[in-house]
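Asker:
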Amino acid sequence: MDADSILEYFRGKSILITGSTGFLGKVLVEKILRVQPDVKKLFLLIRASGIESAKLRIQSEVTGKEIFQVLKEKHGAGFDNFIEEKICPLVGDIMYANFGLDTAKLIELSKDIDIIVNGAATTKFSERYDVAFDTNVLGTKHVCAFANKCTKLKMLLHVSTAYVAGEQVGTITEKPFLMGETLRVGTILDIESELNMIKVTRTEQRANSSTEKAERKTMKELGLMRARHFGWPNTYVFTKAMGEMLLGQLQGDFPVIILRPSMITSILKEPLPGWMEGIRTIDSVIIGYAKQTFSFFLVDLDLIMDVIPVDMVVNAMMVSMAAHHEEKGHIIYHVTSSVRNPAPYSILAESGHRYFFDNPPCTGRNGERVRLHKMRFFNTVERLRLHMAIKYKLPLEMLRLVALCGVFSQRYNKLSRKYRFVMQLIELYAPFSLFKGCFDDTNLEKLRMAMNKDQSNNEAYYFDFDPKSINWDDYFYSVHIPGVLKYMCDGVIFN
Numbered sequence: 033m034d035a036d037s038i039l040e041y042f043r044g045k046s047i048l049i050t051g052s053t054g055f056l057g058k059v060l061v062e063k064i065l066r067v068q069p070d071v072k073k074l075f076l077l078i079r080a081s082g083i084e085s086a087k088l089r090i091q092s093e094v095t096g097k098e099i100f101q102v103l104k105e106k107h108g109a110g111f112d113n114f115i116e117e118k119i120c121p122l123v124g125d126i127m128y129a130n131f132g133l134d135t136a137k138l139i140e141l142s143k144d145i146d147i148i149v150n151g152a153a154t155t156k157f158s159e160r161y162d163v164a165f166d167t168n169v170l171g172t173k174h175v176c177a178f179a180n181k182c183t184k185l186k187m188l189l190h191v192s193t194a195y196v197a198g199e200q201v202g203t204i205t206e207k208p209f210l211m212g213e214t215l216r217v218g219t220i221l222d223i224e225s226e227l228n229m230i231k232v233t234r235t236e237q238r239a240n241s242s243t244e245k246a247e248r249k250t251m252k253e254l255g256l257m258r259a260r261h262f263g264w265p266n267t268y269v270f271t272k273a274m275g276e277m278l279l280g281q282l283q284g285d286f287p288v289i290i291l292r293p294s295m296i297t298s299i300l301k302e303p304l305p306g307w308m309e310g311i312r313t314i315d316s317v318i319i320g321y322a323k324q325t326f327s328f329f330l331v332d333l334d335l336i337m338d339v340i341p342v343d344m345v346v347n348a349m350m351v352s353m354a355a356h357h358e359e360k361g362h363i364i365y366h367v368t369s370s371v372r373n374p375a376p377y378s379i380l381a382e383s384g385h386r387y388f389f390d391n392p393p394c395t396g397r398n399g400e401r402v403r404l405h406k407m408r409f410f411n412t413v414e415r416l417r418l419h420m421a422i423k424y425k426l427p428l429e430m431l432r433l434v435a436l437c438g439v440f441s442q443r444y445n446k447l448s449r450k451y452r453f454v455m456q457l458i459e460l461y462a463p464f465s466l467f468k469g470c471f472d473d474t475n476l477e478k479l480r481m482a483m484n485k486d487q488s489n490n491e492a493y494y495f496d497f498d499p500k501s502i503n504w505d506d507y508f509y510s511v512h513i514p515g516v517l518k519y520m521c522d523g524v525i526f527n
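Quick note: the sequence shown uses the numbering used here, first residue 33, plus one each step.
Here's what the structure looks like:
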């Protein structure tokens, strides 16, 4: 299999993509249109009030983004016509049966779709349980139901996350979740019971005339409680695991690929190195250091930081679809780096320190340089809690005593909320920043080995998804950190 055969596979295909307004989704859309302009149609499922609203969302949140600049230059004045010809907005949502489409549209669509890429998800760690369940679990169910109605469907690719593994230690294999399987011994998961629990809780909240804020808090707490009961660290990975279970149970007579990327980072090569959207765990460190708002972070610098550039994820998606179009059953791919090219967190810390030393940030009206203070890293939750107690909790308690007299009460309340927020973040991010597993990628390595390595093919780089080709120090220093600062760090100037 080579680049030409992959490009040929997508020629004349109609592809339904959910989650196209997300980071990974829009990179996929741009890639397909750029390398295979003879794709028949990309149907993008968009939440909107109507077709015109959906078109505006695509224009502002997808095709209007910087990564489409290469495609714009390629087509010149004909870019808008090309987009209109190739992209078809669908007003709908995966949280509804049949995506909320009317019967006529559903029948028409089911006769045209060759490939479905389900990338829609809510990725907030502490999302409301009902919201996360509707999208990540029921959404997957609805995608499967639609896929089984498509008369000429050749492929369903579902984007999950490598962290459905929870907090497992050691080597984590590319194996599916069985229905009802959990990560905590002695527990059995019943997805229908979870849905009923959500419905009952929501009904009780509304019967008690709870405020929207109170209902949101209850639903967030319920999600975290249920996730941890079954062995998952947060609502996001818990509901993604349930989605995988349903996919395994409901798949039809067509190939199914479950893609599990680790932490997705900025574009490595093309079309725009460093481009990204959304702040990942490691990006919080970079931005916090740049703005000098973080003086510490919870991470063990000796542990492996499993990250993968978004263009490599998209390349793996396209290659895997082309490779399995004639196969039945389903396969799981870890699109990760911890086995092939492990990078400890110390590489990011060292690259960041060197980058900011060479490119000191400037803020303020006069562009004065920021005095950089070295960030402190804590390798256990206990050590960080002790630091927080001495440096922040104790002074806060002293302020509370003063606030009892009516003085500084407003300041105490503000700082107290901030303290609780930080402590909650520590609990949420600890399973990731202190993760001690590594993701086996045997299946993906077999796919890589099947690729033609003929370097005379000028298009070969289009489908590189081998993390071994990445120099992590150079990537962070020259690509990712500048990308984070350019696209995610407003208000800070770097000389």
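Ideal Cβ placement from N, Cα and C applies to all residues, glycine included.
Would you check if the distance between the CB atom of aspartate 496 and the CB atom of valine 371 is smaller than 9 Å?
Answerer: Along the sequence shown, one-based indexing puts residue 496 at 464. Along the sequence shown, one-based indexing puts residue 371 at 339. No, these two residues do not count as a Cβ contact at 9 Å.
Asker: Would you call glutamate 226 buried or exposed, if buried means 16 or more other Cβ atoms sit within 10 Å of its Cβ?
Answerer: In the sequence shown, counting from the first residue as 1, residue 226 sits at position 194. Glutamate 226 is buried by the Cβ-count criterion.
Asker: Report buried or exposed for alanine 194, applying the criterion of at least 16 other Cβ atoms within 10 angstroms of its Cβ.
Answerer: Taking the first residue of the sequence shown as 1, we reach residue 194 at position 162. Looking at its Cβ environment, which holds 16 or more other Cβ atoms inside 10 Å, alanine 194 is buried.
Asker: What is the rounded straight-line gap between the Cα of valine 59 and the Cα of valine 342?
Answerer: The sequence position of residue 59 within the sequence shown is 27, counting from 1. The sequence position of residue 342 within the sequence shown is 310, counting from 1. Distance between the alpha carbons of valine 59 and valine 342: 8 Å.
Asker: Quick check: the Cα distance between threonine 243 and glutamate 253, rounded to an integer number of angstroms?
Answerer: The residue labelled residue 243 in the question sits at position 211 within the sequence shown. The residue labelled residue 253 in the question sits at position 221 within the sequence shown. Their Cα atoms are separated by approximately 15 Å.
Asker: Leaving out the 5 sequence neighbours to the left and right, which residues in its chain are closer than 6 Å to glycine 51 when beta-carbon positions are compared?
Answerer: As a working mapping, residue 51 is identified with position 19 in the sequence shown. Excluding residues within five positions, the ones whose Cβ falls inside 6 Å are Gly57, Gly151, Ala152.
Asker: Quick one: is glutamine 442 near chain D, going by C-beta distance under 9 Å?
Answerer: This model lacks chain D altogether, as it is built from one protein chain only.
Asker: Please work out which residues of its chain come closer than 6 Å, Cβ to Cβ, to proline 529, disregarding the five sequence neighbours upstream and downstream, and give them in chain order.
Answerer: Absent from the structure is residue 529, since the part of the chain shown begins at 33 and ends at 527.
Asker: Using a Cβ-Cβ cutoff of less than 8 Å, which residues in the same chain neighbour glutamate 491 once the five nearest sequence positions on both sides are dropped?
Answerer: Counted from its first residue, the sequence shown places residue 491 at position 459. Residue placement at glutamate 491 is poorly supported in this model, since its pLDDT is 48, which falls under 50; the coordinates are not used for a value here.
Asker: Go ahead and pull the three-state DSSP assignment for serine 488.
Answerer: As a first step, residue 488 is located in the sequence shown; it is residue number 456 there, counting from the start. Caution is warranted here: a pLDDT of 45 is assigned to serine 488, below 50, making its placement in the model unreliable, and no coordinate value can be reported.
Asker: Quick one: grab the DSSP three-state call for arginine 160.
Answerer: Counting from 1 along the sequence shown, the entry for residue 160 is found at position 128. In the structure shown, arginine 160 sits in coil (DSSP, three-state: anything other than H, G, I, E or B).
Asker: What runs of the beta strand (DSSP E), each 3 residues or longer, lie entirely inside the region 357 to 407?
Answerer: Runs of the beta strand (DSSP E) inside the region 357 to 407: 362 to 367, 393 to 395.
Asker: Which full runs of the alpha helix (DSSP H) of 4+ residues lie inside the region 108 to 163, going along the chain?
Answerer: Those alpha helix (DSSP H) runs which fall completely within the region 108 to 163 and span 4+ residues are 111 to 118, 135 to 142.
Asker: Restricting to runs no shorter than 4 residues, where is the alpha helix (DSSP H) found entirely within the region 211 to 271?
Answerer: For the region 211 to 271, whole alpha helix (DSSP H) runs of length 4 or above, ordered along the chain, are 223 to 239, 244 to 261.
Asker: According to DSSP, simplified to helix, strand and coil, what is phenylalanine 410?
Answerer: As a first step, residue 410 is located in the sequence shown; it is residue number 378 there, counting from the start. Strand at phenylalanine 410.
Asker: Should alanine 322 and proline 265 be called a contact, given that it needs their Cβ atoms to be closer than 9 Å?
Answerer: Position 290 of the sequence shown, counting from 1, holds the residue named residue 322. Position 233 of the sequence shown, counting from 1, holds the residue named residue 265. No.
Asker: Hey, how far is the Cα of isoleucine 145 from the Cα of cysteine 182?
Answerer: Here residue 145 refers to the residue found at position 113 of the sequence shown. Here residue 182 refers to the residue found at position 150 of the sequence shown. Looking at the two C-alpha atoms, the distance is approximately 7 Å.
Asker: Inspect the beta-carbon positions of proline 121 and isoleucine 147 and report whether they are closer than 9 Å.
Answerer: Position 89 of the sequence shown, counted from the start, is the residue given in the question as residue 121. Position 115 of the sequence shown, counted from the start, is the residue given in the question as residue 147. No, the pair does not count as a contact, with Cβ atoms beyond the cut-off.
Asker: Between the beta-carbon of histidine 385 and the beta-carbon of serine 327, is there less than 9 Å?
Answerer: In the sequence shown, residue 385 corresponds to position 353, counting from 1. In the sequence shown, residue 327 corresponds to position 295, counting from 1. No.
Asker: Within the same chain, show all residues whose beta-carbon is closer than 6 Å to that of phenylalanine 157, passing over the 5 residues directly before and after it, in chain order.
Answerer: Start at 1 with the first residue of the sequence shown, and residue 157 comes out as number 125. Same-chain partners within the cutoff: Asn266, Tyr268, Leu460.
Asker: Excluding the 5 residues flanking methionine 337 on each side, which residues of the same chain have their C-beta closer than 7 Å to its C-beta?
Answerer: Stepping through the sequence shown from its first residue, residue 337 is reached at position 305. So the qualifying residues of the chain are Ile314, Ala375, Pro376, Tyr377, Leu380.
Asker: With 16 as the cutoff for other CB atoms within 10 Å, does arginine 443 come out buried or exposed?
Answerer: One-based indexing of the sequence shown puts residue 443 at position 411. By the 10 Å Cβ count, arginine 443 comes out exposed.
Asker: Identify the continuous alpha helix (DSSP H) that holds valine 346 and give its terminal residues.
Answerer: Counting from one through the sequence shown, the residue named residue 346 turns up at place 314. Looking at the DSSP string, the run of the alpha helix (DSSP H) that includes valine 346 is 342 to 355.
Asker: With DSSP as the reference, label methionine 417 as helix, strand or coil.
Answerer: By one-based count along the sequence shown, residue 417 stands at place 385. It is worth fixing the name first, because residue 417 is arginine in this sequence and not methionine. Helix at arginine 417.
Asker: Would the region 106 to 122 and the region 73 to 93 be scored as touching if the rule is three or more Cβ pairs under 8 Å?
Answerer: Taking 8 Å as the limit for Cβ pairs, the verdict is that the region 73 to 93 does touch the region 106 to 122.
Asker: Classify aspartate 34 as helix, strand or coil using the three-state DSSP reduction.
Answerer: In the sequence shown, the residue the question calls residue 34 occupies position 2. Aspartate 34: coil per DSSP, three-state reduction.
Asker: Quickly, what does DSSP pair glycine 171 with across the bridge? List them, please.
Answerer: Taking the first residue of the sequence shown as position 1, residue 171 is located at position 139. Glycine 171 is not bridged to any residue.
Asker: List the whole-angstrom C-beta distance separating phenylalanine 165 from threonine 271, where the pair is believed to meet the contact cut-off of C-beta under 8 Å.
Answerer: The residue you call residue 165 lines up with position 133 of the sequence shown. The residue you call residue 271 lines up with position 239 of the sequence shown. Rounded, the Cβ-Cβ distance is 6 Å, consistent with contact.
Asker: Out of His419, Ile364, Met350, state which residue places its alpha-carbon closest to the alpha-carbon of leucine 330.
Answerer: What you label residue 330 is simply residue 298 of the sequence shown in a count that begins at 1. Here the closest residue by C-alpha is His419.
Asker: Suppose you measure from the CA of leucine 333 to the CA of aspartate 285; what does that come to, to the nearest Å?
Answerer: As a position in the sequence shown, residue 333 is number 301, starting the count at 1. As a position in the sequence shown, residue 285 is number 253, starting the count at 1. Going from the Cα of leucine 333 to the Cα of aspartate 285 covers about 46 Å.
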